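Numbering (my numbering), first residue to last: 2 to 85.
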């Protein structure tokens, strides 16, 4: 965190895996931190979108969701068999 006295702003730097750095500025620490995080997320989204990795990420989420639905149906079936 760095305070800039001339403009009364705060600058925050976010490191991601010691490979990428994103900075954010704002009136206070919270705003600067949020700005830096938004910049990092925007970059990562654009990177995933441009490298077609978003398809694999979406597939992973859909697969996990379907798996959880299947597990939920199995639990419900077990409850029914135990109840009767």
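Every residue gets a Cβ at the ideal spot worked out from N, C-alpha and C, and that includes glycine. These figures come from a predicted structure and were not determined experimentally.
Neighbourhood of residue i by C-beta distance below 7 Å, restricted to the same chain and skipping five residues each side
i          : result
residue 27 : 10, 11, 33, 36
residue 29 : 11
Identity of the residues DSSP links to residue i by a beta bridge
i          : result
residue 22 : 16
residue 5  : 10
Nearest candidate by alpha-carbon position, reference residue i, set the options
i          : options        : result
residue 16 : 60, 70, 41     : 41
residue 20 : 39, 65, 45, 5  : 45
residue 43 : 62, 31, 29, 22 : 22
residue 90 : 63, 60, 5, 13  : As displayed, the chain neither begins before 2 nor continues past 85, which places residue 90 out of reach and without an answer.
Other residues of its chain near residue i: CB distance less than 6 Å, five sequence neighbours each side excluded
i          : result
residue 18 : none
residue 67 : none
residue 82 : none
Is it the case that the region 70–79 contacts the region 42–54, given that we only count it when at least three CB pairs across the two stretches are under 8 Å? No, the region 42–54 is not in contact with the region 70–79.
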